[in-house]
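Read through the structure below, which is laid out as structure tokens, and then see the notes.
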Amino acid sequence: MSVSDAKHYRFSAEFQAHHVATPLRSILARVLWFDAKGKQVAQAEFPATLPDANEGWSTVTAIYQPPAGATQA
């Protein structure tokens, strides 16, 4: 998706883990930042996984400001 380093963006996803012994260690998401040429401009971000609080659903969420030079996430 297109991004601007002048804005903040919320990453959020919900999931249900089945047959996974340690979901908080085994299931993760990452956000990658790229410039207009497709080159990665910063280290990956790993949003926090919140404990199961909604009938078996867990949430991965964070708010980020893209690094300077990032145009895509």
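Residue numbering for the sequence shown follows our numbering, starting at 22 and increasing by one per position. Think of the CB as a built atom: it goes at the ideal place given N, C-alpha and C, for glycine as much as any other residue.
field: Proximity of residue 91 and residue 54 at Cβ, strictly below 9 Å
entry: Here residue 91 refers to the residue found at position 70 when the sequence shown is read from its first residue. Here residue 54 refers to the residue found at position 33 when the sequence shown is read from its first residue. Going by C-beta atoms, residue 91 is nearer than 9 Å to residue 54.
field: Own chain residues within Cβ distance below 6 Å of residue 86, not counting five before or after
entry: Numbered from its first residue, the sequence shown carries residue 86 at position 65. By the criterion of a C-beta distance shorter than 6 Å, residue 86 is surrounded in its chain by 29, once the five residues flanking it on both sides are discounted.
message: Measuring only the C-alpha atoms, how far is residue 46 from residue 26?
response: Position 25 of the sequence shown, counting from 1, holds the residue named residue 46. Position 5 of the sequence shown, counting from 1, holds the residue named residue 26. Spanning the two alpha carbons is a distance of roughly 30 Å.
- prompt: Of all the options 81, 62, 57 and 60, which has the alpha carbon lying nearest to the alpha carbon of residue 70?
  reply: On the sequence shown, residue 70 is found 49 positions in, with the first residue counted as 1. Out of 81, 62, 57 and 60, 81 has the C-alpha closest to the C-alpha of residue 70.
query: Hey, how far is the Cα of residue 38 from the Cα of residue 62?
result: In the sequence shown, counting from the first residue as 1, residue 38 sits at position 17. In the sequence shown, counting from the first residue as 1, residue 62 sits at position 41. Those two C-alpha atoms are separated by around 32 Å.
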